[in-house]
Amino acid sequence: MASNNNENQESISITTAMNSIFTSKSGADCTFVIHGKELQAHKNILAARSHVFEAMLHGPMAPANQKHLIQDPEITYEDFEAFLRVLYTDALWMTPSMVKAFLHLGNFYAVQYFLEQCVKFIQDFLLDPYNCLEYATMGLLIAPTSTLLKICMRQYFHSHPYNELVYRLPDGYSKNLICPALATEMSHQHETFGNNSTKDAFFKKISEWAESYCIQQYQQIIPEKMKKIMEPIMPHFDAKLLLPITLATTIKQYKLIRVDELNDLLAD
């Protein structure tokens, strides 16, 4: 029997062997308590994958009993377990519902290789023109050290640069406006990726988003609020590249540039 076991061990891949170690918990020497539920693991394996885990498990503040309390509201026990399994095996698979938690965990524990594997998986299996702004938001706010934002910007500008700046919610029908931070970043990135849309056309799209966002926040379009929403965005647009009709309407109505500058542009 021992001989058969040895033969089996010698013929399996490293991925299979590491998955077996993670599943069996053989030799486990630390325990994570995630929202009250325990998960055993191996210190050296995790420390080898992340300097955050190394400090947590081997640093001077490590608890003597090696029980580590995880109360992160952004994740579930299942998310953390799946994350550790990938760190053991490098075998990544995720559903759309897992992406946000995986990116959060990869960023929090500073596992850059894991983050880029997540990005590759999203790009290969999940990303499309209709969800790219949702993933762009995650790339900007949750995993800023990854290349996800750049990939999503390229997807948006090269496929549907005139689409409204929203993404669909999980119910498949409701839509969510992009956040101001992403609107600002897209205005900045337009110069790099916006080959299929002019500055004026994209400015119109941004101003329509700002009006919708203003209504969402204040129940109506208020010129003073519009000016405030557009304030961090305007430095990314050269008013000289906007059409006269845009200058005479949106720019003038919301006082987005100085009056003397506007008059000079309209007079040219």
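Residue numbering for the sequence shown follows the numbering used here, beginning at 9 and increasing consecutively. Positions of the beta carbon are idealized from the N, C-alpha and C atoms, including for glycine. Quick caveat, the model's predicted, so the values are computed rather than measured.
Any chain D beta carbon closer than 7 Å to residue i
i, result
"Ser-58", "No chain D appears in the structure shown, which is made up of a single protein chain."
Test item: CB-CB of residue i and residue j under 7 Å
i, j, result
"Met-242", "Ala-218", "no"
"Cys-38", "Gln-74", "yes"
"Thr-97", "Asn-27", "yes"
"Pro-240", "Tyr-262", "no"
"Tyr-164", "Cys-126", "no"
"Ile-42", "Phe-88", "yes"
"Leu-273", "Leu-255", "yes"
"Gln-197", "Met-161", "yes"
"Ile-259", "Ile-253", "no"
"Phe-61", "Ala-70", "no"
"Tyr-175", "Glu-142", "yes"
"Ala-36", "His-50", "yes"
"Phe-129", "Leu-149", "no"
"Ser-190", "Thr-145", "The sequence shown places Leu at residue 190, rather than the Ser named in the question. For Leu-190 and Thr-145, yes; Cβs fall inside 7 Å."
Residues bridged to residue i [DSSP beta-bridge criterion]
i, result
"Lys-183", "Arg-176"
"Ile-42", "Lys-45 and Ile-78"
Closest residue to residue i among the options (Cα-Cα distance)
i, options, result
"Leu-249", "Gln-228, Asp-276 and Ile-229", "Asp-276"
"His-76", "Lys-45, Asn-115, Ala-56 and Lys-108", "Lys-45"
"His-112", "Met-161, Arg-57 and Ser-154", "Ser-154"
"Glu-192", "Lys-236, Ser-205 and His-166", "Reading off the sequence, residue 192 comes out as Thr, not Glu. Minimum Cα distance to Thr-192 is reached at Lys-236."
"Arg-93", "Gly-67, Arg-57 and Pro-68", "Arg-57"
"Gln-48", "Phe-40, Leu-54 and Gln-225", "Phe-40"
"Asp-179", "Leu-270, Ser-105 and Ser-34", "Ser-105"
"Phe-91", "Asp-132, Leu-123 and Leu-264", "Leu-123"
"Pro-188", "Glu-199, Lys-51 and Glu-216", "Glu-216"
"Ala-209", "Asn-271, Leu-173, Ala-36 and Ala-118", "Leu-173"
"Thr-23", "Val-267, Tyr-85, Tyr-143 and Leu-95", "Leu-95"
"Tyr-85", "Met-64, His-66 and Phe-110", "Phe-110"
"Ile-83", "Val-107, Leu-65, Ala-99 and Trp-101", "Val-107"
"Leu-177", "His-50, Tyr-138 and Lys-212", "Tyr-138"
"Asp-132", "Met-64, Gln-224, Thr-31 and Ile-159", "Ile-159"
"Asn-171", "Ser-205, Tyr-181 and Leu-149", "Ser-205"
"His-59", "Thr-31, His-166 and Gln-120", "Gln-120"
"Ala-118", "Gln-224, Glu-269, Ala-63 and Tyr-226", "Ala-63"
"Ala-247", "Ile-29, Ser-21, Lys-207 and Gln-227", "Lys-207"
"Ile-186", "Ala-25, Gln-224 and Ser-34", "Gln-224"
Contact belief for residue i with residue j at Cβ below 8 Å, rounded distance in angstroms
i, j, result
"Leu-157", "Gly-147", "3 Å"
"Ile-214", "Cys-222", "With 8 Å as the limit, Ile-214 and Cys-222 do not qualify as a contact, their Cβ atoms being about 12 Å apart."
"Asn-184", "Ala-151", "Rounded, the Cβ-Cβ distance is 19 Å, inconsistent with contact."
"Phe-211", "Phe-245", "5 Å"
The ligand GTP heavy atom lying under 6 Å from the CB of residue i
i, result
"Arg-93", "Ligands displayed in this structure: none; no statement on the ligand GTP is therefore possible."
**Prompt:** Can you list, in chain order, the stretches of the alpha helix (DSSP H) that have 4 or more residues and sit fully within the region 116-149?
**Reply:** Within the region 116-149, the complete alpha helix (DSSP H) runs of at least 4 residues are 120-129 and 140-149.
**Sequence ranges, alpha helix (DSSP H) only - wholly within the region 215-260, length at least 4** = Listed in chain order, the alpha helix (DSSP H) elements of length 4 or more contained wholly in the region 215-260 are 231-238.
**Message:** For a minimum of 3 consecutive residues, which ranges assigned as the beta strand (DSSP E) are wholly contained in the region 57-117?
**Reply:** 75-78
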